[in-house]
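Student: Residue numbers for the sequence shown follow this note's numbering, beginning at 374 and rising by one.
Every residue, glycine too, gets a C-beta built ideally from N, C-alpha and C.
Since this is a predicted model, take the numbers as computed values, not measurements.
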Amino acid sequence: MAGSQVEARSDGASGTGSIGAAPGYRPSATLPFAAEFRRQASRRRTQLALGFMVLLPLIILIAFQFDSGGDDDNGRGEFGSLIEFATSGGLNFTLFTIFVSASFLLVVVVALFCGDTVASEASWGSLRYLLAIPVPRARLLAVKLLVALAYSALALLLLAGTALLIGTLRYGWEPLRSTVAAQLEPGEGLLRLLAVLGYLAVVLLVVAGLAFLLSVTTDAALGAVGGAVLLWILSSILDQITALGALRAFLPTHYSTAWLGLLSTPVQTDDVVRGSISAISYATLFWGLAFWRFTRKDVVS
């Protein structure tokens with residue numbers, strides 16, 4: 374009986390009518406963004422994820438101190454120069470840190486913040502009580518999504534900001550260098566790095582959308598996070614199969630490295646535009662499906 378009463382109240386909270394609402398009740402005043410932001414900040418996974426974003430550049434810096442001076446060219450294909458120039462200035466060190474993090478670490482972090490947000494509430498059994506406060510379902514999803522995106526952006530900024538700070542202190546404020554561009558003065562190089570971060574943030578919206586969709590369809594937070602990461606890896610693998618031809622352009626990871634064009638001279642933005650359109654389209658689709666699914670879901674956990 375108690376469970377049915379809770380569910381009935383949660384269903385009523387998702388509606389647009391105010392019949393039976395307590396005097397002074399305003400749906401828009403429930404679950405404030407600041408309250409949810411502070412709540413997520415107190416969670417151990419948030420603290421560990423953000424802490425690692427600060428720690429990683431320090432680990433890389435320490436690792437560079439063990440350079441043996443051998444002949445190993447650290448070959449990484451077209452990215453080999455990023456390793457070669459990583460110690461030639463703070464901007465180059467930041468670029469290298471972004472490079473080694475973009476393909477997997479940042480994907481995991483964004484999937485963690487966005488995939489854990491609803492599924493964890495369901496696994497704890499607190500989701501139905503949030504709806505019974507009552508918090509409208511659409512508002513609950515919107516606030517949780519915005520908080521997850523805010524922490525994802527914060528993680529990206531912490532990674533780049535820490536790398537730039539310690540890289541500059543250790544290697545100086547030098548021009549940005551790479552094999553795809555002429556040497557860029559520090560001011561312009563900083564702007565290029567900001568553009569790279571902006572594009573990566575847009576690309577990672579696909580991961581955010583996919584993880585968020587999985588989060589509202591399962592009670593297992595690990596399944597939502599892991600599912601989003603595995604699907605991203607699968608897309609990356611398929612993108613390497615040239616036999617797929619033009620179909621690869623429709624994969625969400627096809628333009629994930631288009632940020633290289635932002636470092637070239639002159640700047641190449643064609644793939645950046647295509648990648649941005651693709652990422653925003655996929656993210657909008659996934660978020661739309663998440664809202665559609667959750668507002669019609671029978672919440673019992």
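What is the DSSP secondary structure of Leu624, reduced to helix, strand or coil?
Tutor: What you label residue 624 is simply residue 251 of the sequence shown in a count that begins at 1. Looking at Leu624 - three-state DSSP - the assignment turns out to be coil, as it is neither helix nor strand.
Student: Among Arg412, Leu434, Pro430, Asp489, which has the Cα closest to the Cα of Val602?
Tutor: On the sequence shown, position 229 is the one that residue 602 refers to. Per the Cα distances, Asp489.
Student: Which ranges would you report for the alpha helix (DSSP H) in the region 480 to 536 if only whole runs of at least 4 residues count?
Tutor: 500 to 504
Student: In whole angstroms, what separates the C-alpha of Ser474 from that of Val640?
Tutor: Mapped onto the sequence shown, residue 474 falls at position 101. Mapped onto the sequence shown, residue 640 falls at position 267. So the two alpha carbons sit approximately 23 Å from each other.
Student: What residues are listed by DSSP as bridge partners for Leu557?
Tutor: The sequence position of residue 557 within the sequence shown is 184, counting from 1. According to DSSP, Leu557 bridges with Leu549.
Student: Using C-beta distances below 8 Å, list every residue in its chain close to Arg666, excluding the 5 sequence neighbours before and after it, in chain order.
Tutor: Within the sequence shown, residue 666 is the residue found at index 293, counting from 1. Within the same chain, Arg666 has close Cβ partners Leu586, Val589, Thr590.
Student: Out of Gly596, His627, Phe664, Gly540, state which residue places its alpha-carbon closest to the alpha-carbon of Val427.
Tutor: Position 54 of the sequence shown, counted from the first residue, corresponds to residue 427. Among Gly596, His627, Phe664, Gly540, the Cα nearest to that of Val427 is on Gly540.
Student: Is it buried or exposed, Asp612, if we count other Cβ atoms within 10 angstroms and call 16 or more buried?
Tutor: Start at 1 with the first residue of the sequence shown, and residue 612 comes out as number 239. Buried, because 16 or more other Cβ atoms sit within 10 Å of the Cβ of Asp612.
Student: Is the region 575 to 584 touching the region 593 to 607, taking contact as three or more C-beta pairs under 8 Å?
Tutor: Short answer: they touch.
Student: Expressed to the nearest angstrom, what Euclidean distance is found between the alpha-carbon atoms of Val576 and Phe458?
Tutor: On the sequence shown, position 203 is the one that residue 576 refers to. On the sequence shown, position 85 is the one that residue 458 refers to. A straight line joining the alpha-carbon of Val576 with that of Phe458 spans about 25 Å.
Student: Would you decide whether Trp632 is buried or exposed? Buried here means 16 or more other CB atoms lie within 10 Å of its CB.
Tutor: On the sequence shown, residue 632 is found 259 positions in, with the first residue counted as 1. Burial call: buried.
Student: Compare the beta carbon distance of Leu532 and Leu479 with 9 Å and say whether it is the shorter of the two.
Tutor: If you number the sequence shown from 1, residue 532 lands on position 159. If you number the sequence shown from 1, residue 479 lands on position 106. Taking 9 Å as the Cβ cut-off, Leu532 and Leu479 qualify as a contacting pair.
Student: Please report the distance separating the alpha-carbon of Leu542 from that of Leu434.
Tutor: What you label residue 542 is simply residue 169 of the sequence shown in a count that begins at 1. What you label residue 434 is simply residue 61 of the sequence shown in a count that begins at 1. Approximately 11 Å, taken between the alpha carbons.
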